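Engineer: Going by my numbering, the first residue of the sequence shown is number 75, and it counts up by one from there.
Below are the structure tokens for one structure; questions will follow.
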Amino acid sequence: MKIVVDAYGNDLGPIAPVEASINAIKLYNDLTIVLCGKRKELETNLANFTYDKNRIEIIDAEEVITNEESPTEAVKNKLNSSLVKAFECLKQNEDVAGLVSCGSTGAVLTGAFLKVGRIKGISRPALCPILPTKNGGRVMLIDSGANVDCKPINICHFALLGSTYAKAMFNIEKPRVALLNIGTEDKKGNEFCHECFAELKKMPINFVGNMEARDFLSGDYDVVVCDGFYGNILLKSVEGTALFVMSVLKDNIKSSFKSKLGAMLMKKSLRNVKNTLNYNAYGGAAFLGAKKLVVKGHGASDALAFLKSIEQVRTLYLKDFCKTIEEQLSAIQTGETNG
């Protein structure tokens, strides 16, 4: 199995992806990493490690796509960029399982559309990040920003993708799927929510009804579905709240000697809170519904985050995620035809 990694475009440059790639091949004997980026710089960074040189490959790419560029124009014109080279590698080689990039979100999504394409039957692929819950579990949000205008069929496909993803990543037998809404009652929300609710009840998933945003991290749900507009607002609100709480907590700890003393006594608990809220520990957002596996990590991802993203691709590949989705869609369509 090979996984291609865009080693540039992220905030930290090649240091984090190189370290993560070394750690990945040491952890998994079935894995080879293909690094895309500036060959000389990558070789310089790799020289700091001892590793099996047969399991790290380099594709030379001197250009980098930045967040300031038009994603479509950049993907079409920067053919020697690390991201475009990575997508070409993914598209052309059957033994390449998937791609990891922490570069421009727009460019990654555009590349996936233009270079890889959709799984047959999926109306639109969607971004699906993983977040921690208060009971120590995980919740998946789909879509978190790839599709700002949706139809009920898109929401149904998101639910199917998210449910299958939860099964593959965390071995959840019957993932609890909820629809983001302004209340939990069946009749809550606008006309779009009403239509989505009715259609989700027909899907072969464990649909548990509506969910209010305040319950997102409660641990009562495994997958939350919505369009990318409201999903992105929810995700950014959660991230902003977490940063706010940590900042206020830090300021108050520094405010007095008693607070500092109390913090020393609670050091282990505070560290656990920090680790729980650390996005680097959860990998990236999988772009579900593309013909091949693509994971988009945070721009500020460190080596741990890159490693977790690589592990996401490996897990989904071993669980034959894309084929499973095709089979489920085929079964649904056959059932509709027979009905």
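Don't be surprised by glycine CBs; every beta carbon is placed ideally from N, CA and C.
Since the structure is predicted, the reported quantities are computational estimates derived from the model, not experimental observations.
Tell me the residue span of the alpha helix (DSSP H) that contains residue 382.
Structural biologist: Within the sequence shown, the letter at position 308 stands for residue 382. 377–392 is the extent of the alpha helix (DSSP H) around residue 382.
Engineer: At which residues does the beta strand (DSSP E) containing residue 106 begin and terminate?
Structural biologist: Residue mapping note: residue 106 aligns to position 32 of the sequence shown, counting from 1. Here the beta strand (DSSP E) through residue 106 covers 106–111.
Engineer: Would you grab the beta carbon distance between residue 203 and residue 359 for me? Rounded to a whole angstrom, and I think it's under 8 Å.
Structural biologist: Indexing the sequence shown from 1 puts residue 203 at position 129. Indexing the sequence shown from 1 puts residue 359 at position 285. Yes, residue 203 and residue 359 are in contact; Cβ-Cβ is about 4 Å, under 8 Å.
Engineer: In whole angstroms, give me the CA-to-CA distance for residue 223 and residue 301.
Structural biologist: Here residue 223 corresponds to residue number 149 of the sequence shown, with the count starting at 1. Here residue 301 corresponds to residue number 227 of the sequence shown, with the count starting at 1. So the two alpha carbons sit approximately 7 Å from each other.
Engineer: Indicate the three-state DSSP secondary structure (helix, strand or coil) for residue 164 in the structure shown.
Structural biologist: Indexing the sequence shown from 1 puts residue 164 at position 90. Residue 164: helix per DSSP, three-state reduction.
Engineer: When we look at the beta-carbon of residue 177 and count the other beta-carbons within 10 Å, is it buried (16 or more) or exposed?
Structural biologist: Position 103 of the sequence shown, counting from 1, holds the residue named residue 177. Looking at its Cβ environment, which holds 16 or more other Cβ atoms inside 10 Å, residue 177 is buried.
Engineer: So what's residue 340 in DSSP terms, helix, strand or just coil?
Structural biologist: In the sequence shown, the residue the question calls residue 340 occupies position 266. The answer is coil: DSSP assigns residue 340 none of H, G, I, E or B.
Engineer: Are at least three pairs of beta-carbons, each pair with one atom in the region 142–150 and one in the region 178–196, less than 8 Å apart?
Structural biologist: Taking 8 Å as the limit for Cβ pairs, the verdict is that the region 178–196 does touch the region 142–150.
Engineer: Could you tell me which of 375, 329, 253 sits nearest to residue 281, measuring between CA atoms?
Structural biologist: Your numbering for residue 281 matches position 207 in the sequence shown. Nearest option by C-alpha distance: 253.
Engineer: Measure how close the beta-carbons of residue 119 and residue 138 come, nearest whole angstrom, since I'm counting them as under 8 Å.
Structural biologist: One-based indexing of the sequence shown puts residue 119 at position 45. One-based indexing of the sequence shown puts residue 138 at position 64. Incorrect: roughly 15 Å between the Cβ atoms, too far for contact.
Engineer: Measure the beta-carbon distance from residue 172 to residue 366 and round it to whole angstroms, keeping in mind my assumption that it falls under 8 Å.
Structural biologist: As a working mapping, residue 172 is identified with position 98 in the sequence shown. As a working mapping, residue 366 is identified with position 292 in the sequence shown. With 8 Å as the limit, residue 172 and residue 366 qualify as a contact, their Cβ atoms being about 6 Å apart.
Engineer: Would you mind sorting residue 374 into buried or exposed? The rule is 16 or more other CB atoms within 10 Å of its CB.
Structural biologist: Residue numbering aside, residue 374 sits at position 300 when the sequence shown is read from its first letter. Exposed, because fewer than 16 other Cβ atoms sit within 10 Å of the Cβ of residue 374.
Engineer: Considering only DSSP beta bridges, list what residue 252 is partnered with.
Structural biologist: Counted from its first residue, the sequence shown places residue 252 at position 178. Beta-bridge pairing links residue 252 to 283, 298.
Engineer: Look up residue 204 in the DSSP assignment and say whether it is helix, strand or coil.
Structural biologist: For the purposes of this step, residue 204 is taken as residue 130 along the sequence shown, with counting starting at 1. DSSP places residue 204 in strand when its eight states are reduced to three.
Engineer: Do residue 298 and residue 285 come within 7 Å of each other at the CB atom, strictly closer than that value?
Structural biologist: Here residue 285 refers to the residue found at position 211 when the sequence shown is read from its first residue. Here residue 298 refers to the residue found at position 224 when the sequence shown is read from its first residue. Yes.
Engineer: Measuring straight from C-alpha to C-alpha, what distance separates residue 231 and residue 212?
Structural biologist: Reading the sequence shown from its first residue, position 157 is the one you call residue 231. Reading the sequence shown from its first residue, position 138 is the one you call residue 212. Between residue 231 and residue 212, the C-alpha separation is close to 21 Å.
Engineer: For residue 80, list the residues DSSP reports as bridge partners.
Structural biologist: As a working note, residue 80 is residue 6 in the sequence shown. Note: residue 80 sits in a beta bridge opposite 110.
Engineer: Out of 126, 341, 110, 78, which one is the CA nearest neighbour of residue 169?
Structural biologist: Taking the sequence shown and counting its residues from 1, the one referred to as residue 169 is at position 95. That would be 78, whose Cα lies nearest to the Cα of residue 169.
Engineer: Which residue wins for smallest C-alpha separation from residue 135, given the options 329, 123, 108, 228?
Structural biologist: Here residue 135 refers to the residue found at position 61 of the sequence shown. Measuring from the Cα of residue 135, the nearest candidate turns out to be 108.
Engineer: Between residue 400 and the rest of its own chain, which residues show a CB-CB distance below 8 Å, the 5 nearest in sequence each way excluded?
Structural biologist: The residue you call residue 400 lines up with position 326 of the sequence shown. So the list reads 193, 194, 195, once near-sequence residues are dropped.
Engineer: Quick check on DSSP: helix, strand or coil for residue 214?
Structural biologist: Reading the sequence shown from its first residue, position 140 is the one you call residue 214. If DSSP states are grouped into helix, strand and coil, residue 214 belongs with the strands.
Engineer: How many Å lie between residue 266 and residue 225 at the Cα?
Structural biologist: Position 192 of the sequence shown holds residue 266. Position 151 of the sequence shown holds residue 225. One C-alpha to the other measures close to 8 Å.
Engineer: Between the Cα of residue 393 and the Cα atoms of 347, 239, 336, which residue gives the shortest distance?
Structural biologist: On the sequence shown, position 319 is the one that residue 393 refers to. Of 347, 239, 336, the residue nearest in Cα terms is 239.
Engineer: If you follow the alpha helix (DSSP H) that residue 143 is in, where does it begin and where does it stop?
Structural biologist: Taking the first residue of the sequence shown as 1, we reach residue 143 at position 69. Here residue 143 belongs to no alpha helix (DSSP H), and DSSP marks it neither H nor E.
Engineer: Consult DSSP for residue 159 and reduce its assignment to one of helix, strand or coil.
Structural biologist: For the purposes of this step, residue 159 is taken as the residue at position 85 of the sequence shown. Residue 159: helix per DSSP, three-state reduction.
Engineer: Write down the C-beta distance between residue 372 and residue 364 rounded to the nearest angstrom, noting that I regard them as a contact closer than 8 Å.
Structural biologist: Position 298 of the sequence shown, counting from 1, holds the residue named residue 372. Position 290 of the sequence shown, counting from 1, holds the residue named residue 364. Going by Cβ atoms, the distance from residue 372 to residue 364 rounds to 19 Å, so no, they are not a contact pair.
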